[in-house]
Amino acid sequence: MVDQTLFRAAMARLGAAVNIITTDGPAGRHGLTASAVCSVTDTPPTVLACVNRGSTAFGMLKVNGVLCVNVLAGRHEALSGRFATRGTAMGDRFAAGEWTRLDTGAPVLADAAVALDCTVSSISEIGTHGVFFCAVRRVVLADAAEGLIYFDRAYHHLGAAMEAAR
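For what it's worth, my numbering labels the leading residue of the sequence shown as 1, then goes sequentially.
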């Protein structure tokens, strides 16, 4: 068996894009910060998102059946923290940023680096997490390519801010 502390330390060195996953529907509106998101295939366009099964978000995503992966840019670091903080009321989370909606009705961050509006195709449960496989219904790209990465337990900015510093 691999020691849990060692595994977590190893995963901290696996840099990942920072996203806010949002949903709305019969279970209500919800949002959380997540880095366990990736492409599965482009035919048909599919992504996956991993969510802790013990979280409120897990049940709400399951019931609503829709979500938006809002890929963050460096300017969204504080917003990421707001959506990552347990106990922060949903109204307070969504009070920051400008939110719109696309085809599924899930909240879309208006200035996200990328917005992937999705319907949930299936869910696999393993250990503490559920893996949501999601059919991408609509993609919105920002004009500038920017990113917010979480690596070694810290945020790192990519794109426009880095270009300006050169």
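Just so you know, even glycine gets a beta-carbon here, dropped at the ideal spot from N, CA and C.
- The beta carbon of GLY130 sits closer than 6 Å to the beta carbons of VAL51, ARG53, PHE58, ILE123 from its chain, once the five residues preceding and following it are set aside; these are given in chain order.
- Distance between ARG93 and VAL2, taken at the CA atoms: about 36 Å.
- For the pair LEU32 and VAL66, the Cα-to-Cα distance works out to about 14 Å.
- Contact between the stretch 73-81 and the stretch 140-149 is present: three or more C-beta pairs spanning the two stretches fall below 8 Å.
- Between THR22 and ALA106, the C-beta gap is smaller than 7 Å, which places the two residues in contact.
- ASP152 sits exposed, since fewer than 16 C-beta atoms from the chains shown fall within 10 Å of its C-beta.
- The alpha-carbon of ALA9 is positioned some 12 Å away from that of GLY15.
- Counting along the chain, no beta strand (DSSP E) covers GLY65, and no H or E run does either.
- Beta-bridge annotation (DSSP): ARG75 is not paired with any residue.
- Here DSSP, grouped into helix, strand and coil, assigns ALA84 to helix.
- For ASN64, the closest alpha carbon among the candidates CYS118, TRP99, GLY25 is that of GLY25.
- Taken through DSSP and simplified to helix, strand or coil, THR100 comes out as strand.
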